[in-house]
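Asker:
Number of protein chains: 2
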Amino acid sequence: MASRREVAELAGVSEATVSRVLNGVGPIREETRRRVLEASERLGYVPSALARSFARSKSGNLGVVLPYVPKAHLFSAYFFSEMLSGIGSKARDNGLDLLVMFQTPGEVMNYTDLFRRQKIDACIILGARYDHDELAAIQQLDREGHPFCVMNQHFTGESFFEVDADHVEGSRLAIRHLTDQGYRNITFLNGPYSYSNSQERMEGVRLGLQQAGMELDPSLLLEGNYSRRSGIEAAAIIAERLHEIDAVFAANDRMAIGVMHGLRERGVRIEDFPAFVGYDDSDAAEMAVPALSSVRVPFFEMGEIAVSKLMHPAEALQSPRTLLPTELIVRASSSSRFRA
Amino acid sequence: MASRREVAELAGVSEATVSRVLNGVGPIREETRRRVLEASERLGYVPSALARSFARSKSGNLGVVLPYVPKAHLFSAYFFSEMLSGIGSKARDNGLDLLVMFQTPGEVMNYTDLFRRQKIDACIILGARYDHDELAAIQQLDREGHPFCVMNQHFTGESFFEVDADHVEGSRLAIRHLTDQGYRNITFLNGPYSYSNSQERMEGVRLGLQQAGMELDPSLLLEGNYSRRSGIEAAAIIAERLHEIDAVFAANDRMAIGVMHGLRERGVRIEDFPAFVGYDDSDAAEMAVPALSSVRVPFFEMGEIAVSKLMHPAEALQSPRTLLPTELIVRASSSSRFRA
DNA sequence: TTGTAAGCGTTATCAA
DNA sequence: TTGATAACGCTTACAA
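Sequence order for the protein chains is A and B.
Quick note: the first sequence uses my numbering, first residue 1, plus one each step.
Quick note: the second sequence uses my numbering, first residue 1001, plus one each step.
1) For a cutoff of 8 Å on Cβ pairs, would you count residue 80 (chain A) as touching chain B?
2) Does residue 1332 (chain B) come within less than 8 Å of chain A when only Cβ atoms are used?
3) Going by the DSSP bridge assignment, what does residue 1190 (chain B) pair with across the sheet?
4) Please look up how many angstroms separate the CB atoms of residue 1237 (chain B) and residue 1205 (chain B), rounded, as I've assumed it's under 8 Å.
5) Return helix, strand or coil for residue 1334 (chain B), following the three-state DSSP convention.
6) Short of 7 Å in beta carbon distance, which residues of its chain neighbour residue 1127 (chain B), apart from the five on each side in sequence? Order them along the chain.
7) My output table needs one value for residue 329 (chain A): the three-state DSSP class, helix, strand or coil.
8) When we look at the beta-carbon of residue 314 (chain A) and count the other beta-carbons within 10 Å, is it buried (16 or more) or exposed?
9) Taking the CB atoms as reference points, tell me whether residue 334 (chain A) and residue 167 (chain A) lie closer together than 8 Å.
10) Between residue 335 (chain A) and chain B, is the shortest Cβ-Cβ distance under 8 Å, so that the two count as touching?
11) Going along the chain, which residues of its own chain have a beta-carbon closer than 8 Å to the beta-carbon of residue 1003 (chain B), five neighbours each way excluded?
12) Can you give me the C-alpha to C-alpha distance between residue 120 (chain A) and residue 1010 (chain B), rounded to a whole angstrom?
13) Identify which residue in B:1186, B:1249, B:1122 has its Cα closest to the Cα of residue 1142 (chain B).
14) Terminal residues of the continuous beta strand (DSSP E) containing residue 275 (chain A)?
15) What do you reckon, are the CB atoms on residue 259 (chain A) and residue 235 (chain A) nearer than 8 Å?
16) Can you list, in chain order, the stretches of the alpha helix (DSSP H) that have 4 or more residues and sit fully within the segment 1019 to 1086 of chain B?
17) In terms of residues, what are the limits of the beta strand (DSSP E) holding residue 266 (chain A)?
18) So, is the C-beta of residue 119 (chain A) closer than 8 Å to a C-beta in chain B?
19) Grab the span of the alpha helix (DSSP H) containing residue 10 (chain A) for me, first residue to last.
20) Measure how close the beta-carbons of residue 21 (chain A) and residue 33 (chain A) come, nearest whole angstrom, since I'm counting them as under 8 Å.
21) Decide if the segment 243 to 259 of chain A is in contact with the segment 44 to 63 of chain A; the criterion is three or more beta carbon pairs, one per stretch, under 8 Å apart.
22) Rounded to a whole number of angstroms, what is the C-alpha to C-alpha distance between residue 157 (chain A) and residue 150 (chain A)?
23) Shortest alpha-carbon distance to residue 1061 (chain B) belongs to which of B:1272, B:1147, B:1082, B:1109?
24) Can the beta-carbon of residue 289 (chain A) be found closer than 8 Å to that of residue 1289 (chain B)?
25) May I ask you to verify whether the segment 1317 to 1324 of chain B touches the segment 1265 to 1273 of chain B, counting CB pairs closer than 8 Å and requiring at least 3?
26) So does the segment 296 to 312 of chain A actually touch the segment 185 to 198 of chain A, counting three or more Cβ pairs closer than 8 Å?
27) Just verifying my parser: in three-state terms, what is the DSSP assignment at residue 1311 (chain B)?
28) Quickly, what does DSSP pair residue 1296 (chain B) with across the bridge? List them, please.
29) If you reduce the DSSP assignment to three classes, tell me which class residue 1260 (chain B) lands in.
30) Taking residue 1028 (chain B) as the query, report the chain A residues whose CB atoms sit under 7 Å from its CB, ordered along the chain.
31) Below 9 Å on C-beta distance, what does residue 1113 (chain B) contact in chain A?
32) At the level of alpha carbons, what is the spacing between residue 1153 (chain B) and residue 1195 (chain B)?
33) For residue 148 (chain A), which beta-bridge partners are listed by DSSP?
34) According to DSSP, is residue 1340 (chain B) part of a helix, a strand, or is it coil?
35) In whole angstroms, give me the CA-to-CA distance for residue 1242 (chain B) and residue 1230 (chain B).
36) Go to residue 289 (chain A), then tell me how far its beta strand (DSSP E) extends in each direction, as first and last residue.
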């Protein structure tokens, strides 16, 4: 572990020049540059990121806030690992390291302190809840001018940097796919209405039905909590009305699969299943039996874009909220071929 | 953003005393402590983690190295998110932040530079491959005395800190479960033999069969790469010998489910399925149809223990390699009740 | 083009 | 029990 001083000595220059060469700043004679690089190479000198951060008052870290996932499994790990990978890939391109933090169940994360303590230069919030305290915490972040971006959650009336997918369109596509095939009694198993996400799905469902000349039957609207278990519970209700219900659209794959399981537990055979469309197109979708049609959400790209916004805030300000397109992936669960 | 200096002034003490109070070091008069805390509170003073790290030459970060997962899906996201959660939970208890890094496909990560640059104080390697370059990189880490821990991979002949699950026992349990139910022709779909993990499973299978008075039939030994696709491919072979093969033990759930899918694609009905046991007990296991029996691996706990070892190296040195117990979870795929 | 030196916000040592 | 002060290793004016 050679010091910068040694490098300077060996190269016969000042320490400042070593820094200049290594940072590629300022005008430097080619000969000097070569000598420094050589010396630094020979001594195996590696500058301390710590000292550099300190001197620049920039940590070089991008904070990523994850919700409290373990054990609960409410949300799919797929969802987060894709986004995290997208964020990681773009962060690396920008020379940023990822500092990941988990939310603690009861308490609200003190986002601003992370900045004040200078642990992070910017942050991406993945598991934002939509409640008073959380909003207040994020608003403070905004007020203090810290760069941040919220994923998968829209805060109405604010103009935070947000990256989300077009769930209105995704849901509309799902519904139209079903109505186009002649399904008329479509149950919609939504997630908690407190998520902007769920609200958008609701909107898309309404739109899709309307375009098909139909209306939402409130009795066909169910609410789960995005867990498989809640899908199983919904199956109890669906099973009872199976003579009329001919299709199920669930707000995520886990619930859709939960419903399938619930029906099966109640002795409903696959041949008698209603059509199914899920949401997220997680890897569980293709593992399901029958393979589950699902609305694909570009999680990886969403992660990349969030980082881009933070790196180019000027441009991002033009449209703080980015909505990525969703796409319907049709599989056996809703294809007429299978169902015929 | 008040400075320490202001706090010192307001409290009528020196800056050094402010630090002492906030760090809880040294003897301090209660009255002074109170005044400092009060002043610091009133001014909203938050010490800079950056400056602190710099002064202490400790980043306060625990590095976590993840393999390159996105898109590939070779490994289950479940696996990593559980471990990461375990690591995160224990890291938080120890006041450490998590710096996560992804491996890049082609290149070997330069672990030592992370330490030399002082980005991290210790590190946990999750996706260690077993090849020459990787081993060399890790050996260097060891040589330079940096604290690190390898998860889920054993390097024979080295005495690195390692945390793994007892895959010999897990596999033995799986096999005994099958033999106990009278299955005689058990196909074992293993992962690449280059992983220590796969080798241990092989050993467990051998042991289990031996205890049942049987021997491994080499023709019943298949090798996949832990992906669902490789399970589907294996199904081609299994389907052909379905008249003799009565059970399948796969080295992970994804492959087990892949085999199920492959068989189904080939028109094999669930009633005619062989018994199945998978491995990892990922959430996919209970979503499978039929629900997949699987060997549970305590990923979360493994993450916690890895951090503990790094925090208490003296004790960890007693037994650098920790093997956590595995457990068989029996579900419909292998239970005689279902199969009868 | 290069050197000198101030400064970054702590911690930690030494005196008092 | 507290204060003064020297590190810590880098960046970055400013001078030369």
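Heads up, the beta-carbon is just placed ideally off N, CA and C, and yes, glycines get one too.
Just so you know, these numbers come straight off a predicted model, no measurement behind them.
Answerer: So, from the listed chains and residues:
1) yes
2) For residue 1332 (chain B), no Cβ of chain A is located within less than 8 Å of the residue's own Cβ.
3) DSSP lists B:1223 as partners of residue 1190 (chain B).
4) About 17 Å; that fails the 8 Å criterion.
5) helix
6) Residues 1065, 1066, 1067, 1103 of the same chain have their beta carbon placed closer than 7 Å to that of residue 1127 (chain B), with the five preceding and five following residues left out of the count.
7) The answer is strand: DSSP assigns residue 329 (chain A) an E or B state.
8) With fewer than 16 other Cβ atoms within 10 Å, it is exposed.
9) Cβ distance not < 8 Å, so residue 334 (chain A) and residue 167 (chain A) don't count as in contact.
10) Answer no: the Cβ-Cβ gap between residue 335 (chain A) and chain B never drops below 8 Å.
11) 1045
12) Each residue's alpha carbon lies about 28 Å from the other.
13) B:1122
14) 275 to 280
15) yes
16) 1030 to 1043, 1049 to 1056
17) No beta strand (DSSP E) contains residue 266 (chain A), which DSSP labels as neither H nor E.
18) Contact with chain B is found for residue 119 (chain A), since one of that chain's Cβ atoms lies less than 8 Å from the residue's Cβ.
19) 4 to 11
20) 5 Å
21) Taking 8 Å as the limit for Cβ pairs, the verdict is that the segment 44 to 63 of chain A does not touch the segment 243 to 259 of chain A.
22) Cα to Cα, residue 157 (chain A) sits roughly 14 Å from residue 150 (chain A).
23) B:1147
24) yes
25) no
26) No contact exists between the segment 296 to 312 of chain A and the segment 185 to 198 of chain A.
27) helix
28) DSSP output for residue 1296 (chain B) lists B:1280, B:1327 as bridge partner(s).
29) Residue 1260 (chain B) falls in the helix class under three-state DSSP.
30) Within 7 Å Cβ-Cβ: nothing; residue 1028 (chain B) doesn't reach chain A, min ~22 Å.
31) 46
32) 7 Å
33) Residue 148 (chain A) is bridged to A:123.
34) For residue 1340 (chain B), the predicted model reports a pLDDT of 40, less than 50, meaning its position is unreliable and no value from the coordinates is stated.
35) 18 Å
36) Note, residue 289 (chain A): premise wrong, no beta strand (DSSP E); not H, not E.
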